[in-house]
Every structure is written in C-alpha cells, then in structure tokens.
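One structure is given below, encoded as structure tokens.
Numbering (the numbering used here), first residue to last: 4 to 496.
Written as structure tokens, this is what we have:
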C-alpha cells in the first residue's frame, strides 16, 4: 500500500513542476509576497546565549563554570583565526572542539594557580601586541576586527592567559625532568643512518587527543569536519593553530621532516601512500587522531631541502563510481515561489536567488519555506529518486546534503530544493574499473637514492634537541590527560 507521505510528496512535486512550467496562483504569489522574512534557525549554543537575566552554563570544571556565551565567543574567535566562515552551521560544527578546548584551558589555569603561577597583565598585553603585528594590524585595528566579528577582547585575553600559564607550568614541571643520555643520541643516530635513501616527509599536522573510548567518535568527526573546511578553502596552518592539541600548533602544526619510524606504524603507512600537497587522515594512533598535510618529500640524507624528483607515473584515469539511481532515496524539502504575472517573473527569479544565498541548512530552509506562505513549500518527506523527472533526479543525487540547490527557473516562477538526508548506494565497479582504481591508488615510487654527495646527517646537538622536544610533547599530553581524569567535568550542552 502506498503511504500518505508518498502520495503527498508526489502531489507537491507535481505542483512544483506545474509552477515552473506555467503561471502560478495569484493568491499564492500574494501570500509569498506578503510573507514576513524568515529568521535563520540555529541552536542556542551556536547562535548565542539565551536571552534573559540568567546566563546558561555549558560546562562545569571543578569549581569553575563555562557559560554558553563563553563558548559562542570562543567559537567566533576560532572561526576568525582559522579563516573559516562564521555561519550558524560552521559554529555548530566547531562547538564540540571549542568547548573541549575551554575545558582544557580551565584545567591548565587551575593547575597554574595550584603551583602559584600567575600571568601579569603586561605579559598578556605584549603577547596580544605580537599577535597584532603578526597579522600586520595595530592594536586599535585588532580591537575593531574583533568587535566587527562580535568577539569580546576578554575572549582573546583569556586564551592568551591560558597559553602563557600552561607554558610556565610545563617549564617548571616537565622540561626539568627531561634528561637525554649519550646512548639515546647514539641509538637515534644509528636509526637515521639505517634510513638513508628512504623517503622522509615534510609534514604539518592537526592532532586531536582521545583520552577515553567515549571520546573517540567525537574526535574523529571533528577531524573529518576540519578536513572538510580545509578542502573548502580554510588555511591548514590557521586551522592547526586554532584547533590542534599538539605542541606544534604554536608553529602552524609544522612537524618538520619526519623519518620512517618516528611517529609509529600508522603514520608511516599513511605517509607512504601520500604525495606532496596531499592532506591525509584522519589517522588513528594510540593518542588520538591526526590530520596530516604532506608539504614535500625527499630521501633521508639528501644534501638539499627540496623535494627530489619522482619517477614519472603513467597517467591513470580514476574511475567514477556511479550512484544506483534505482535504489537511491532522498529526504527533501522545497520552496516554491510562483510568479503572479509574466511581468513579475524577473523579480520573482531575483528574489529566489537572494533567498537561496541566505539559506543556512535544513532547519533554516524549513523556516523560510513556511515564511513564503505557499502551501506547496515545505517538507516533501522521503522520495525515491527513480520517481523524479530525469533532470531533478540528477540534481538531487549531486547537490551536497544540507545545502540548497541552484534556483530552478521556469515561466511560472522559481523552485529551490534541499536534500537533508540521502541514501544512495553505488553501482559496483566493473573489473576494468577496479583495475583502474587500484592503479590510481598505487603508492608513489620511492625517491631515487642520493648520489654524488655523502649523506648529510644531523649533529648530535640537533638530535638531542629533537629528542627533548619529542619527550616534552609526550609528557605534556600525559600531564593534561591526568588533569582531565582527576577533574570533575560536567557538560550541560
């Protein structure tokens, strides 16, 4: 038996097609014309603190509370620093990691207080001055930029205070405990000699720690979201500075040249199949998830710092796996904007374009659909793609989930669609396509051996500094992990 939802979806789609093909109802057009503007929908955590006299609490860390306004302000600052767009959807995506950073900073400040460490206001002011200089702004210009993005200056002050305090804690409690013996330097030097001629990689990373199994899924999803933002144009170095939880975050995530065996088998495997300029990950290790940016590649022991030329690879076209339209289903919504007359058609199309650009996800789409006052606008439920006209079928399997379609224009008005969920199984690859995919995914050939010059090895002092930095990073992570485990932390959002 056909469900009522299926019947309604078919009727709504038919109505929309009619509106695109011919003139729409004048009454519906008048309702659309007179409808109030829609308000963008977002959760209270993403959109701002709840209005009212009482500030809502996002988390409690021992005796300290983190308010929702703290979280929203830091989210805006994080998006500004990383170059990501400040939209309700973007804020919602970074909120889990932002809240975790705020919890960590409260733990770091509490530990600094326990050790009698305080940060003078002058040190904070000087650090912010260096931040302004690094982006070629004066202090008034920086303050103006923060105000334009609705970021209180206190939010930046708090972040800088926590960073400086934790640096002093580590200098007092961690670095004094690190002792590197001659035998450790000798062993590292032998490992480097054994790796001569093998590939090494110039790498930057974003690291998200996982201290308990219940954090694994959230950390992985956060890493995937950050990768998506970088693919959309966000700067890797800026995102690493803002979100990475390794010591390299202060240096844009830069790890320098990474040799085989330095970061474990999982990282080695990911780097071995990578190419310069490629982003790899998320890679799960014992400590958490890594997103890696491979900046260059060369042979260990080469005298220069440039990437060595690779052996030419035959051009291999990667097969595109097609969607099985016969089995695909989508959960869709639509906004129908009928034109009351041919003379008004151009204005209707322009209004549709403006509306399409303002939509911020499925919840916002639903609000704007209701605001049009057109009965045909709204939720269409789950639709079988095979039942749609061919052009619409191709559209709904290609547009990104949660983003509005381009405006579909017709003689009767305009139509905007959005896919909020898609179940789209893929057609199996043919044997020829499988062979093409294997060839396209084959790892690059190893770099050529170093010739003409003796291998260039780091000095013992350089090796000792590397070992000190590695040990400090490991102890710092353990220190913060122990603080988390010993603390009372309650999340309320």
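All residues carry an ideal CB built from backbone N, CA and C; glycine is no exception.
So, are the CB atoms of residue i and residue j less than 8 Å apart?
i: residue 101; j: residue 78; result: yes
i: residue 400; j: residue 388; result: yes
i: residue 351; j: residue 358; result: no
i: residue 293; j: residue 284; result: yes
i: residue 165; j: residue 108; result: yes
i: residue 362; j: residue 407; result: yes
i: residue 205; j: residue 275; result: no
i: residue 336; j: residue 382; result: yes
i: residue 338; j: residue 233; result: no
i: residue 118; j: residue 172; result: yes
i: residue 295; j: residue 303; result: no
i: residue 168; j: residue 237; result: no
i: residue 334; j: residue 242; result: no
i: residue 288; j: residue 269; result: yes
i: residue 476; j: residue 249; result: yes
i: residue 92; j: residue 364; result: yes
So residue i is in the alpha helix (DSSP H); what residue range does that whole segment cover?
i: residue 268; result: 268–275
i: residue 147; result: 142–151
i: residue 240; result: 239–246
i: residue 470; result: 463–489
i: residue 233; result: 219–234
i: residue 393; result: 393–401
i: residue 195; result: 185–197
i: residue 493; result: Taken as a continuous stretch (DSSP letters only), residue 493 belongs to no alpha helix (DSSP H), being part of the beta strand (DSSP E) at 492–494.
i: residue 350; result: 348–361
Around the Cβ of residue i, are there at least 16 other Cβ atoms within 10 angstroms (buried) or fewer (exposed)?
i: residue 450; result: Unreliable placement is indicated for residue 450, whose pLDDT of 48 sits below 50; the coordinate value is still reported in the next sentence. Buried.
i: residue 94; result: buried
i: residue 409; result: exposed
i: residue 156; result: exposed
i: residue 459; result: exposed
i: residue 435; result: exposed
i: residue 428; result: exposed
i: residue 129; result: exposed
i: residue 208; result: buried
i: residue 433; result: exposed
i: residue 277; result: buried
i: residue 66; result: exposed
i: residue 489; result: exposed
i: residue 414; result: exposed
i: residue 123; result: exposed
i: residue 416; result: buried
i: residue 392; result: exposed
i: residue 256; result: buried
i: residue 180; result: exposed
i: residue 343; result: buried
i: residue 529; result: Nothing about residue 529 can be reported from this structure: the residues present for the chain run from 4 to 496 only.
i: residue 138; result: exposed
i: residue 196; result: exposed
i: residue 346; result: exposed
i: residue 252; result: buried
i: residue 301; result: buried
i: residue 235; result: exposed
i: residue 81; result: buried
i: residue 325; result: exposed
Just confirm the distance between the C-beta atoms of residue i and residue j, as a whole number of angstroms; I'd bet it's less than 8 Å.
i: residue 221; j: residue 99; result: 6 Å
i: residue 495; j: residue 61; result: 6 Å
i: residue 96; j: residue 228; result: 5 Å
i: residue 187; j: residue 470; result: 6 Å
i: residue 426; j: residue 332; result: 5 Å
i: residue 430; j: residue 327; result: 5 Å
i: residue 493; j: residue 63; result: 4 Å
i: residue 183; j: residue 464; result: Not a contact, Cβ separation roughly 11 Å.
i: residue 131; j: residue 159; result: 6 Å
Which two residues bound the contiguous beta strand (DSSP E) that contains residue i?
i: residue 109; result: No beta strand (DSSP E) holds residue 109; the alpha helix (DSSP H) holding it covers 91–117.
i: residue 157; result: Not the beta strand (DSSP E): residue 157 falls in the alpha helix (DSSP H), residues 156–176.
i: residue 132; result: It is not in any beta strand (DSSP E) - residue 132 instead sits in the alpha helix (DSSP H) that spans 124–137.
i: residue 84; result: Here residue 84 belongs to no beta strand (DSSP E); instead the alpha helix (DSSP H) covers 71–85.
i: residue 212; result: 202–212
i: residue 373; result: Careful: residue 373 lies outside any beta strand (DSSP E), inside the alpha helix (DSSP H) at 365–375.
i: residue 389; result: No beta strand (DSSP E) contains residue 389, which DSSP labels as neither H nor E.
i: residue 412; result: 411–413
i: residue 258; result: 257–261
i: residue 299; result: 291–302
i: residue 337; result: 332–341
i: residue 287; result: 282–287
Examine the Cβ distances between the region 76–89 and the region 204–212 and report whether three or more of them are shorter than 8 Å. No, the region 76–89 is not in contact with the region 204–212.
Any chance the region 65–74 sits against the region 186–201, with 3 or more Cβ pairs inside 8 Å? The region 65–74 makes no contact with the region 186–201; the number of CB pairs closer than 8 Å stays below 3.
Any contact between the region 474–492 and the region 169–181? By contact I mean 3 or more CB pairs, one from each, below 8 Å. When C-beta atoms of the region 474–492 are compared with those of the region 169–181, three or more pairs fall below 8 Å, so the two segments count as touching.
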